[in-house]
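A.B. asks: Quick one: structure below, then a few questions.
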Amino acid sequence: METGADLLRFFLYYLPGRGAGCKMFKNNVKEALTFLMYKALFSAAVFVIMAILIRIPAVQSFDVSVIQALESVRHPVLTAVFKALTELGSSGFMLPLMLALTLVLAVYKKAAASLYLYLLFFVERTANEALKGWIARERPAINPLVHEPSYSFPSGHSMNAASMYPFIAFLLLLCIPFFQKHSRAVYVWTGLLVGLIGISRMYLGVHYMTDVISGFSLGLALFFIFKKIGEKYPLVRQK
């Protein structure tokens, strides 16, 4: 069923006096809207709040103090670890990871499920680049350990991590029995990885905390939306 058709039904039948025949559809719409309002829309609201806060001098000072605090604990071993972690959130790493996941899912005859992953990546990257150019926040100038030519807000690596890794976990739990048996471990490791990638961006001095929080919030908003789409319109059959 097409999304446009669903929306048309909603506006035609979700009106007073249309009878009880649309009750099931109304319940489905209500469930979907509740999901989006309390998860995706909340996450998007956090981004809007961050975009406002970064204009406030006190918040800017706090952002700088966080970078300085992390700079004070830099160590060669930590630097090597965080440089490796930050690569896990890069677009250059995501593309081969997505291809590898598609091949794994193909073994289980469920490669089609990864199509939403590619669409999510395209939407997420497009949104990130557009917002960076629009907001045009300069990166921290406090001894960065790596060079990043683009603007700072929102963090692209954090947005990658918060959208892609949870959706990859969703696909693994949906399609592969081994991961279904170890769902708790999947949740924990996914959350840990996403958090560490965000910290790595601040440790390396290329993002403020508000950049990272905004990247997380938008990434999660997109994840929630695409997860709902994947559940409502599955591309593979579940046994």
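Just so you know, we're using this note's numbering here: the sequence shown kicks off at 248 and counts up by one. Yeah, the Cβ is synthetic: ideal placement off N, Cα and C, and Gly gets one too.
#1: Express the C-alpha separation of Tyr-355 and Ile-389 in angstroms, rounding to a whole number.
#2: How would you label Gly-403, buried or exposed, when you count the other beta carbons within 10 angstroms and need 16 or more for buried?
#3: Does DSSP put Asn-375 in a helix, a strand or coil?
#4: How is the alpha helix (DSSP H) around Ser-405 delimited, first residue to last?
#5: Assess, as a yes-or-no matter, whether the region 357-375 is touched by the region 437-445 under the definition of 3 or more beta carbon pairs within less than 8 Å.
#6: Quick check on DSSP: helix, strand or coil for Gly-339?
#7: Exposed or buried, which one is Lys-492 when buried takes at least 16 other CB atoms within 10 Å?
#8: By the 10 Å Cβ neighbour count, where 16 or more other Cβ atoms means buried, how is Val-459 classified, buried or exposed?
#9: Within a Cβ cutoff of 7 Å, which residues of the same chain sit near Leu-332, ignoring the five residues on either side of it in sequence?
#10: Between the region 405-424 and the region 291-300, do at least 3 Cβ pairs fall closer than 8 Å?
C.D. replies: According to the structure shown:
#1: Reading the sequence shown from its first residue, position 142 is the one you call residue 389. Reading the sequence shown from its first residue, position 108 is the one you call residue 355. Answer to the nearest angstrom: the Cα atoms are 48 Å apart.
#2: Here the question's residue 403 lines up with position 156 in the sequence shown. The residue in question, Gly-403, is buried, as its Cβ has 16 or more Cβ neighbours within 10 Å.
#3: By one-based count along the sequence shown, residue 375 stands at place 128. Correct three-state label for Asn-375: helix.
#4: Residue 405 sits at position 158 when you count from the first residue of the sequence shown. Counting along the chain, the alpha helix (DSSP H) containing Ser-405 begins and ends at 403-422.
#5: no
#6: Residue mapping note: residue 339 aligns to position 92 of the sequence shown, counting from 1. Correct three-state label for Gly-339: helix.
#7: With the chain covering only 248 through 486, there is no way to say anything about residue 492.
#8: Position 212 of the sequence shown, counted from the first residue, corresponds to residue 459. By the neighbour-count rule (16 or more Cβ atoms within 10 Å), Val-459 is buried.
#9: Along the sequence shown, one-based indexing puts residue 332 at 85. Around Leu-332: Leu-443, Ile-444, Ser-447.
#10: no
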